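K.L.:
I am attaching a structure below and will ask some questions about it afterwards.
Protein chains in written order, with the numbering used here: chain A, 1 to 332; chain B, 1001 to 1281.
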């Protein structure tokens, strides 16, 4: 089915839980075949947005279409065209990988033979053939997630929703999942993923929408977004508190804005464009001046810095409360 | 990735009328039932755990305390006890239902089902189906244990089957309680504490002793406990010692053994459905 109609259109989505506004005028348009990252801190509304689009949660206001169907009035049609992977690897832990995929295949109405065939294809595609007949309890976190992705891909969906697909995984598991997502994308699936990690969005997404307090506050390519917020940063950790002013002066020479200073951790950092040039210069100047440093390096801006730049306020962590309320409300 | 198998199926399921929906509701339920059965195959120890408590109780009450137990109106205590064990196992069975529901909800499996084009009712009916099959297995194993310790039914084939049907009816009604509680409690640890409900519900009844032997207030609770009605009715059908009091509810145990499960279903089925719908709030 070739059409130029966007895979996801959300207009003015609103959702509130008691007095908390989870979504407050959320707009998003995702063209077909793209990977879109929803980036934001806990409680910003990422999960609520994805759950509404995946027909799991009713919206209070606004309109949303996925694969051309209205999520509120045509949920069944939407469900035939989407895959959904939540924050946990939603597979049956008692069953084997193969049994899980066959069960989900039957529930996707592939028929007994179709489900068996599809399970084999997916085990192959997601590199789980060797573990196919082992119980899920013997799977690593990354393997569980891959099986979870495979289960979302049973109908070869047009749109795949991934809610924090790598939360709780070690770096290796994270890479495994990233690889799996990339291979799906290569086959033309539209992916909407939520993440709290800028580097994850950077790795996978062609475009990133930054969410704050239930609405999209920036929507751009990762490159543009990083340009906007000053790209990579050079960071120096001074030996002594007394050295901080000297270090700051050196960092200021290479960075595009005022360097930021964190006295407590003796950390000085500033945004740079010529990454290697800046790093070399800072290191050499500090050495020539005889200023002792504990650590020096380049790093990507953190989500906090993105937020600070975009919103003028830091990412409101209220970590457990906000996310928990969201979860609890959803449960009720 | 558009394999032929996937494409053609998507097209056929697109054309669904009411008949097709009914077909898929049944087919999806059966898939969930099969999932439950596969659990038994892959974790046979689950059955052992489920049956451990009643079997230990048979030994404890039948043989350790048994000599000190008397059945009002006379009769062998172990003959009296065994239908109680059947009833207790059914009564506590709602915990298994609740546990699976909590597990699925907490791990996102319920959400996965809800994001799929399957019949939403199948999540619950399939659960109920596999629980009833599990309960039948429980009764089979317990029944064999009962035969070993000398229990017999003198009621004839029809009455005996009727007695077991009453146990399954009680278990059926409690499925809805289990589903409802499973969606009410936040996690698996909390589900474990449901034991605090299950224990008195099963015990303060005619399972071990006749309510007539309890203090009046407790006896009244025990008498009106749905578990008591089922157990007393089954004792009558099996021709086992009954220890009947003269209260109305005990005199009409057979009636109440049918009425109670219907009342429980009428109350908890809508509650469970409402709870399930509230997941999308």
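Glycine included, C-beta positions come from ideal geometry on N, C-alpha and C. Predicted model, so just to flag it, every value in this text is computed and none were measured.
In chain order, what are the residue ranges of uninterrupted beta strand (DSSP E) at least 3 long that sit wholly in the region 27–102 of chain A?
P.N.:
35–39, 61–66, 82–85
K.L.:
Kindly provide the ranges of any alpha helix (DSSP H) runs that are 4 or more residues long and lie completely inside the region 247–315 of chain A, ordered along the chain.
P.N.:
You should have 275–289, 303–311.
K.L.:
The beta strand (DSSP E) spanning residue 12(A) covers which residue range?
P.N.:
8–17
K.L.:
Determine the DSSP secondary structure at residue 154(A), reduced to helix, strand or coil.
P.N.:
DSSP places residue 154(A) in coil when its eight states are reduced to three.
K.L.:
How should residue 1219(B) be labelled, buried or exposed, when 16 other C-beta atoms within 10 angstroms of its C-beta is the threshold for buried?
P.N.:
Label assigned to residue 1219(B): buried.
K.L.:
Does the beta-carbon of residue 164(A) have 16 or more other beta-carbons within 10 angstroms, so that it is buried, or is it exposed?
P.N.:
buried
K.L.:
State whether the region 120–137 of chain A contacts the region 16–25 of chain A, with contact taken as three or more CB pairs (one from each stretch) at a distance under 8 Å.
P.N.:
Using a C-beta cut-off of 8 Å, the region 120–137 of chain A makes no contact with the region 16–25 of chain A, since fewer than three inter-stretch Cβ pairs fall below that distance.
K.L.:
By Cβ distance, which residues of its chain are closer than 7 Å to residue 291(A), with the 5 residues on each side in sequence left out?
P.N.:
243, 246, 247
K.L.:
Please tell me whether residue 1085(B) and residue 1058(B) are closer than 7 Å, where the distance is taken between their beta carbons.
P.N.:
yes
K.L.:
Nearest-angstrom Cα distance between residue 1143(B) and residue 168(A)?
P.N.:
47 Å
K.L.:
List, in chain order, every chain A residue whose beta-carbon is nearer than 8 Å to that of residue 1127(B).
P.N.:
Chain A residues near residue 1127(B): none, gap ~13 Å exceeds 8 Å.
K.L.:
Please return the same chain residues whose Cβ sits closer than 7 Å to the Cβ of residue 1029(B), not counting the five positions on each side in sequence.
P.N.:
1122, 1125, 1126, 1129
K.L.:
Taking the straight line between their C-alpha atoms, what separation do you get for residue 1182(B) and residue 1074(B)?
P.N.:
42 Å
K.L.:
Out of 41(A), 16(A), 295(A), point me to the one whose CA is closest to residue 62(A)'s CA.
P.N.:
16(A)
K.L.:
Spell out whether any CB of chain B is found under 7 Å from the CB atom of residue 143(A).
P.N.:
Cβ-Cβ to chain B under 7 Å: no for residue 143(A).
K.L.:
According to the Cβ coordinates, are residue 154(A) and residue 104(A) closer than 7 Å?
P.N.:
yes
K.L.:
Could you name the residues of the region 282–309 of chain A whose beta carbon sits closer than 9 Å to any beta carbon of chain B, in the order they occur along the chain?
P.N.:
none
K.L.:
Just checking my contact of residue 1114(B) with residue 1279(B) at CB under 8 Å: how many whole Å lie between their CB atoms?
P.N.:
7 Å
K.L.:
Which bits of chain A does residue 1018(B) rub up against, with CB to CB less than 9 Å?
P.N.:
Neighbours of residue 1018(B) on chain A: none; closest Cβ ~14 Å, over 9 Å.
K.L.:
Give the straight-line distance between the Cα atoms of residue 1010(B) and residue 1276(B), rounded to the nearest whole angstrom.
P.N.:
Residue confidence for residue 1010(B) is low, a pLDDT of 44 falling below 50, so the modelled location carries little weight; the figure read from the coordinates is stated next. Those two C-alpha atoms are separated by around 27 Å.
K.L.:
Classify residue 257(A) as buried or exposed, calling it buried when 16 or more other Cβ atoms lie within 10 Å of its own Cβ.
P.N.:
exposed
K.L.:
Report yes if the C-beta distance between residue 235(A) and residue 277(A) is below 7 Å; otherwise report no.
P.N.:
No, the pair does not count as a contact, with Cβ atoms beyond the cut-off.
K.L.:
From this set, 1265(B), 1022(B), 1041(B), which residue's C-alpha is nearest residue 1169(B)'s C-alpha?
P.N.:
1265(B)
K.L.:
Work out the CA separation of residue 1179(B) and residue 1096(B) for me, nearest whole Å.
P.N.:
10 Å
K.L.:
Find out if the Cβ-Cβ distance for the pair residue 204(A), residue 177(A) is shorter than 7 Å.
P.N.:
no
K.L.:
May I have the straight-line CA-CA distance separating residue 49(A) from residue 1137(B), to the nearest angstrom?
P.N.:
Roughly 44 Å separates the two Cα atoms.
K.L.:
For residue 228(A), count neighbouring Cβ atoms within 10 angstroms of its own Cβ and tell me buried if that reaches 16, exposed if not.
P.N.:
Result: exposed.
K.L.:
Relative to the alpha-carbon of residue 226(A), which residue among 141(A), 186(A), 271(A), 43(A) has its alpha-carbon at the smallest distance?
P.N.:
271(A)
K.L.:
Could you give the distance in angstroms between the alpha-carbon of residue 184(A) and the alpha-carbon of residue 1198(B)?
P.N.:
48 Å
K.L.:
Which of the three DSSP states is assigned to residue 20(A) in this structure?
P.N.:
strand
K.L.:
Cβ atoms of residue 1255(B) and residue 1162(B): under 7 Å apart, would you say?
P.N.:
No, the Cβ-Cβ distance between residue 1162(B) and residue 1255(B) is not below 7 Å.
K.L.:
Can you tell me the Cα-Cα spacing of residue 1022(B) and residue 1087(B), whole angstroms?
P.N.:
34 Å
K.L.:
Please name the residue or residues paired with residue 220(A) in a DSSP beta bridge.
P.N.:
Per DSSP, 208(A).
K.L.:
Assuming residue 1222(B) contacts residue 1215(B) under a Cβ cut-off of 8 Å, what Cβ separation, rounded to an integer in Å, is found between them?
P.N.:
About 10 Å separates the two Cβ atoms, so there is no contact after all.
K.L.:
Which residues of chain B have a Cβ atom closer than 7 Å to the Cβ of residue 90(A), listed in chain order?
P.N.:
1107, 1108, 1109, 1111, 1112
K.L.:
Would residue 1009(B) pass as an interface residue toward chain A - the criterion being a Cβ-Cβ separation below 7 Å?
P.N.:
The predicted position of residue 1009(B) is uncertain, since its pLDDT is 43 and thus under 50; a value taken from the coordinates is nonetheless stated next. Chain A, which has a Cβ nearer than 7 Å to the Cβ of residue 1009(B), makes this yes.
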